[in-house]
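So for the sequence shown, my numbering puts the first residue at 37; every next one is plus one. The beta-carbon is built from N, C-alpha and C at its ideal position, and this holds for glycine as well. Everything numeric in this text was worked out from a predicted model, so none of it was measured. Scroll down for the structure; my scribbles are underneath it.
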Amino acid sequence: MTVTDLYRGYIACLNNQDWQKLHRFVHDEVHYNGDRVGLSGYQDMLERDFREIPDLYFDIQLLIAEPPFLASRLQFNCTPKGTFFGLPINGRKVSFSENVFYEFLDDRIRNVWSVIDKAAIEAQL
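The structure is reproduced here in structure tokens:
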């Protein structure tokens with residue numbers, strides 16, 4: 037299975053909130069933006085995102101792979117319930133992108149580096 041196949045499975049896992057399968061895609065020792073969060077911390081972060089953004093959906097716009105690395109541009113059109121990245125969204129629909137890089141180890145995501153386009157959100161407020 038290629039890293040792009042694994043990644044598409046991972047995104048489907050997130051969109052379905054199928055937390056029982058997350059360990060198939062994410063390494064036990066996963067790091068997020070340089071910090072070791074571990075699988076449980078990573079899952080907690082994702083579950084919190086879905087609580088704060090009930091209509092969250094990860095839409096792959098661009099996908100480039102050079103194993104063991106993968107780069108993706110994700111697009112979001114969603115309605116955060118309250119404050120989001122320190123911004124008072126409070127149920128308004130916003131659109132923004134995330135540029136994210138992954139490193140795979142043993143067919144699972146070991147490192148995640150993420151940059152979210154906060155300026156795009158601010159411009160919509």
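Roughly how many angstroms lie between the CA atoms of residue i and residue j, to the nearest whole one?
i, j, result
"Glu-139", "Phe-105", "5 Å"
"Ala-156", "Asp-64", "33 Å"
"Asp-91", "Cys-114", "6 Å"
"Ile-89", "Pro-116", "4 Å"
"His-59", "Ala-101", "21 Å"
"Leu-42", "Cys-49", "10 Å"
"Asn-51", "Asp-71", "24 Å"
Could you check whether residue j and residue i sit closer than 9 Å to each other, using their CB atoms as the reference points?
i, j, result
"Asn-135", "Asp-153", "yes"
"Gln-97", "Leu-82", "no"
"Arg-146", "Val-66", "yes"
"Ser-150", "Phe-137", "yes"
"Pro-103", "Val-39", "yes"
Within the present structure, is the beta-carbon of residue i separated from the nearest heavy atom of the ligand ATP by less than 8 Å?
i, result
"Gln-97", "Among the components modelled here there is no ligand, and therefore nothing to report on the ligand ATP."
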